[in-house]
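For the sequence shown, UniProt numbering begins at 1 and goes up steadily by one.
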Amino acid sequence: MPTLTGPAAGTVLITFPTVSGAAEPGATVVVTSSSGDSLATAVADTSGAWSAQVCGELTAAPPPCLTSTDALTVAAHARDETTGSESEASTVLSWTFDRPVLAAPTDGEVIEAPDGGDVPLRVEGTAGELVQLSVDGTPTGELHRVAGGEDLVWRGPSAGSHTLSLRYVDVGAGGTAVTGFGPSRTWTVSVAEVGGAPEGTLETAPGEVPGGAPAEAQPERPVSTPASTPSTAP
């Protein structure tokens, strides 16, 4: 049975953490959710040490990583790759998550977007952290650093119902590529009218930056700080 260490139980996090422990050298360690979904795997080194980032698969994350939830419980198992059998579970770790909030529009709101069709989105959360917005399940390709008094501007959404999701993300040392994320929070809004703006783009105000493509398809650009430009991009 492997050991499991990580942020203390009950710790409030914003992104999924890295966990570690000890197991038999060469053993494959699987970190699972309370429902049995695999969230991370690692191979113990010659000393038996192992570590893995929970929900570290950015493009193929398992369902518990993408569910709109504020809590997660994990355990570790050692797996025999030859037989497929698994050891008893380690002690569990449980965390809660702070998630960004779409303060306006609110869930279920019907929005009128006359003339230009612009829809301001007021995002609230932990100051200085980066958030990623997805529209109807697709990341916009831009990141936004949480700072008071600044809105995202959704340009020319099509009429009808849309799902908007927000989550915190981590970026690498260079400030360009997303390296981790937290659980999302999701809202459904309806657009009653649309003006003449190009459909389906997203911008940040006042430093307007176009989006619309999946995050991984966008060219990497440096992350700016609120002191210079309130918008940020991967």
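Cβ coordinates follow ideal geometry from the N, Cα and C atoms, glycine included.
In this structure, L130 sits away from T140, with a CB-CB distance that is not shorter than 7 Å. Restricting attention to beta strand (DSSP E) runs no shorter than 3 residues, the UniProt domain "Bacterial Ig" (18-73) encloses them at 18-22, 28-33, 38-43, 49-53, ordered along the chain.
Going by beta carbons, V74 and L93 fall inside the 7 Å limit.
Between the stretch 34-41 and the stretch 164-171, the count of Cβ pairs shorter than 8 Å is below three; the stretches do not touch. The stretch 69-157 is shown to contain whole beta strand (DSSP E) runs of 3 or more residues at 71-79, 93-97, 101-104, 110-112, 119-124, 130-135, 138-145, 151-155, in chain order.
Residue A127 holds the alpha-carbon nearest to the alpha-carbon of V146 among A127, V153, G137. Residues of the same chain with a CB within less than 8 Å of the CB of P17, apart from the 5 flanking positions on each side, are G6, P7, Q53, V54, W95 in chain order. As the crow flies, the alpha-carbon of E150 is around 25 Å from that of G174. In the assembly as shown, V123 is a buried residue. Its beta-carbon has 16 or more other beta-carbons within 10 Å.
If you look at S165, you'll find it in the beta strand (DSSP E) that goes 160-171. In the three-state scheme derived from DSSP, where H, G and I count as helix and E and B as strand, F16 is classed as coil. Nearest C-alpha to V29 among T69, E88, A71: E88.
Taking 7 Å as the cut-off, the Cβ atoms of L4 and S90 count as close.
For the pair I111 and V101, the CB atoms are not nearer than the 7 Å cut-off. Contact annotation, F97 with G182: C-beta distance approximately 5 Å; criterion of less than 8 Å satisfied. With respect to V189, P105 sits close: the two C-beta atoms are nearer than 7 Å. Within the DSSP bridge table, the entry for S190 names V110, S161 as partners. V169 has its alpha-carbon roughly 26 Å from the corresponding atom of V43. With contacts defined as CB atoms closer than 7 Å, G180 and T67 fail to qualify as a contacting pair. Check the Cα spacing between P64 and each of S33, W154, G160: the tightest is with S33. Closest by C-alpha distance to D45, out of G26, G10, G117, A113, is G26.
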